[in-house]
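J.:
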Amino acid sequence: MQVLYMHEFHGQQNIVDLLSDSIRILMFKGQQVLSRKTIGVAVTLGASVMWAIEPIMAKLSYQTTDFLNTFATRSIFALVTIGAYLLLTGLKHIKVEKKHLPKLIYVSLAATLFADLMYVYALTTVPVINAVLIGHMQPIFVIVLGFLYLKTDKITRFDYLGILFMIVAGLLVASRTMDNLMRLKIGTIGDLYVLLATTAWATTAIVARKYLKGLHAAVIAFYRFFFATVVFIIYMIFSRGLEVANVYQIMLGVIIGIGTILYYEGIRLIKAAQVSALELSTPFFATILGFVVLKEYITTIQFVGILFLVGGIYFLAKRENT
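So in UniProt numbering, the last one in the sequence shown is 322, and the numbering has no gaps at all.
1. Judging by CA-CA distance, which residue of Asn246, Thr199 and Lys95 is the nearest neighbour of Val144?
2. Please classify Lys103: is it buried, with 16 or more other beta-carbons within 10 angstroms of its beta-carbon, or exposed?
3. Hey, out of Val231, Arg176, Glu279 and Val247, whose CA is closest to Ile105's CA?
4. Within a Cβ cutoff of 8 Å, which residues of the same chain sit near Glu243, ignoring the five residues on either side of it in sequence?
5. Within this structure, are the beta carbons of Ile233 and Ile76 separated by less than 8 Å?
6. Restricting to Cα atoms, I'd like to know which of Asp159, Ala84, Ala47 and Leu172 is closest to Gly305.
7. Between Ala197, Glu265 and Ile250, which lies nearest to Ala111 when the distance is taken from Cα to Cα?
8. Buried or exposed: where does Gly214 fall if 16 or more other Cβ atoms within 10 Å of its Cβ makes it buried?
9. Rounding to the nearest angstrom, what Cα-Cα distance links Ala218 and Leu86 in this structure?
10. Buried or exposed: which applies to Ile220, given that a residue is buried once 16 or more other Cβ atoms fall within 10 Å of its Cβ?
11. For Ala72, collect the residues of the same chain with a Cβ closer than 7 Å to its Cβ; drop the 5 residues on either side in sequence, then sort them by chain order.
12. According to the Cβ coordinates, are Ser281 and Ser48 closer than 8 Å?
13. Is Met166 closer than 8 Å to Ile140 when the C-beta atoms are compared?
14. Looking only at its own chain, which residues have a Cβ that is under 7 Å from the Cβ of Gly311, when we skip the five neighbours before and after it?
15. For Phe225, does the count of other Cβ atoms within 10 angstroms reach 16, so buried, or fall short, so exposed?
16. Classify Ile53 as buried or exposed, calling it buried when 16 or more other Cβ atoms lie within 10 Å of its own Cβ.
17. Measuring CA to CA, which of Gly190, Gly90 and His100 is closest to Thr124?
18. Hey, would you say Gly83 sits closer than 8 Å to Phe222, going by beta carbons?
19. Buried or exposed for Arg176, please, with buried defined as at least 16 other CB atoms from any protein chain shown within 10 angstroms of its CB.
20. Quick one: Cα of Ile288 to Cα of Glu97, how far?
21. For Leu280, does the three-state DSSP call read helix, strand or coil?
22. Looking at Val128: is its Cβ nearer than 8 Å to the Cβ of Val194?
23. Roughly how many whole angstroms lie between the Cα atoms of Tyr5 and Gly90?
24. Using 10 angstroms around the beta-carbon of Ser108, count the other beta-carbons present and answer buried if the total reaches 16, otherwise exposed.
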C-alpha cells in the first residue's frame, strides 16, 4: 500500500528520492573521510548506548503508565523509525517471497510479541543492570541452539570457556550479594522473565541464520516489529484502549528503532566478533545511567559479574578465528 501511495503522488516521490540520494552521498563522503572500520565501531557503540538507554526510558515511562501501554507505543515507534530508515536509504522494496513469511512471522511473534514484552514487563521489577546483563547472555543460547539445530556449528574449547564465564556472570549479577549466592538465593521471578526473553531472542537468531540469509537485515528488522505490532495494537484497542501518557513511551520506541538500525549497520561494516566485543560497553553504559538517572546502585559482586561477562564474550568471539 505504501509503494502504491507513493507512486500516485509524484511530487512526494521526488522528495523521497532526493532525500535518499542525499543520504547515500553523505554516507559515501563519510566513508571517504573515515575508514570502514571506524564507522563500524562508531555505529556499534551507538547501538550499545541505545540498548543502555532503553531500560532507563522504560522505567521512566512506568511512572505515569503501565508496561502494556509502554510496550505498545515502543513497538509502534520502533516500526515507524525502521520504516523511515528503509524509505530514506532506498530500500523501499520490502516485499518478500511467500516462503519467507512463516519464518518472519515466527521471528516477529517470538522476538517482539513474546521476548520484548517479557523484557518490558520484567523491567517493572528488576534493576537495569540485571536486565541488561542477563539479556547479553544470549550468545550462550545461540551457540547451543546452533550446535543442536544447524549442525554445521561446532562448539570449541573457547565456546565452553565463554559459556562458563557468562553463566558465572549471570549468577553473580542475579545474586547481588555474596550472602545470597552462598545461600543459593539466586535471582527473582523478574530475572527469570529476562532469561526466558533471552532464550526466545536466541531462537529467532537461529531461524534468521538458517532461513532468512537472502534478506537484507534491515528488512528482517522491519518485519520483526511489523506482525507483532499489528497483533498487539488490535488487542489493545479492543481490550482497554491505547494511551500515550508520557514522552518516554515515544522516545523508547525511537531509541529501539535507532539501536536496531545502528546494530545492523555495524554488522555490515565490521566482523561479528568485533560487534560482540563492542557490545560489552552496554552494561557499563547502563550501570552509569541507572545510577545517574534512577539512583540504582550495583554491588561489588555485580561489578565482578560484569567483568566475567567481558571474559565470556572475549572467549566466544575467539571462535571466529578458530
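In this text, a Cβ means the ideal position worked out from N, Cα and C, and glycines have one as well.
T.: According to the structure data:
1. Taking the first residue of the sequence shown as 1, we reach residue 144 at position 144. Nearest option by C-alpha distance: Thr199.
2. One-based indexing of the sequence shown puts residue 103 at position 103. The residue is buried, with at least 16 neighbouring Cβ atoms inside 10 Å.
3. For the purposes of this step, residue 105 is identified with residue 105 of the sequence shown, where counting begins at 1. Nearest option by C-alpha distance: Val231.
4. Position 243 of the sequence shown holds residue 243. Only Thr65 and Asn69 meet the Cβ criterion.
5. By one-based count along the sequence shown, residue 233 stands at place 233. By one-based count along the sequence shown, residue 76 stands at place 76. Taking 8 Å as the Cβ cut-off, Ile233 and Ile76 qualify as a contacting pair.
6. Counted from its first residue, the sequence shown places residue 305 at position 305. Out of Asp159, Ala84, Ala47 and Leu172, Leu172 has the C-alpha closest to the C-alpha of Gly305.
7. Here the question's residue 111 lines up with position 111 in the sequence shown. Minimum Cα distance to Ala111 is reached at Ala197.
8. If you number the sequence shown from 1, residue 214 lands on position 214. Classification for Gly214: exposed.
9. Counted from its first residue, the sequence shown places residue 218 at position 218. Counted from its first residue, the sequence shown places residue 86 at position 86. The straight-line gap from Cα to Cα measures roughly 7 Å.
10. Locating residue 220 in the sequence shown gives position 220, where the first residue counts as 1. Burial of Ile220 is indicated by the presence of at least 16 other C-beta atoms within 10 angstroms of its C-beta.
11. Walking along the sequence shown from the start, residue 72 turns up at place 72. So the qualifying residues of the chain are Phe232, Ile233, Met236 and Leu242.
12. Here residue 281 corresponds to residue number 281 of the sequence shown, with the count starting at 1. Here residue 48 corresponds to residue number 48 of the sequence shown, with the count starting at 1. Taking the C-beta atoms as reference points, Ser48 is found nearer than 8 Å to Ser281.
13. Translated into positions along the sequence shown, residue 140 becomes position 140. Translated into positions along the sequence shown, residue 166 becomes position 166. Cβ atoms of Ile140 and Met166: closer than 8 Å.
14. Position 311 of the sequence shown, counting from 1, holds the residue named residue 311. Same-chain partners within the cutoff: Phe165.
15. Walking along the sequence shown from the start, residue 225 turns up at place 225. Classification for Phe225: buried.
16. As a working mapping, residue 53 is identified with position 53 in the sequence shown. Under this definition Ile53 is a buried residue.
17. Position 124 of the sequence shown holds residue 124. If we check each option's Cα against that of Thr124, Gly190 comes out closest.
18. Along the sequence shown, read from residue 1 onward, the residue named residue 83 stands at position 83. Along the sequence shown, read from residue 1 onward, the residue named residue 222 stands at position 222. Contact: yes.
19. Here residue 176 refers to the residue found at position 176 of the sequence shown. Label assigned to Arg176: buried.
20. Position 288 of the sequence shown, counted from the first residue, corresponds to residue 288. Position 97 of the sequence shown, counted from the first residue, corresponds to residue 97. So the two alpha carbons sit approximately 44 Å from each other.
21. Residue 280 sits at position 280 when you count from the first residue of the sequence shown. Coil.
22. As a working note, residue 128 is residue 128 in the sequence shown. As a working note, residue 194 is residue 194 in the sequence shown. Not closer than 8 Å, so no.
23. In the sequence shown, the residue the question calls residue 5 occupies position 5. In the sequence shown, the residue the question calls residue 90 occupies position 90. Confidence at Tyr5 is low in this model, with a pLDDT of 34, below 50, so the placement of that residue is unreliable and no value is reported for it.
24. As a first step, residue 108 must be located in the sequence shown, where it is residue number 108. Ser108 comes out buried.
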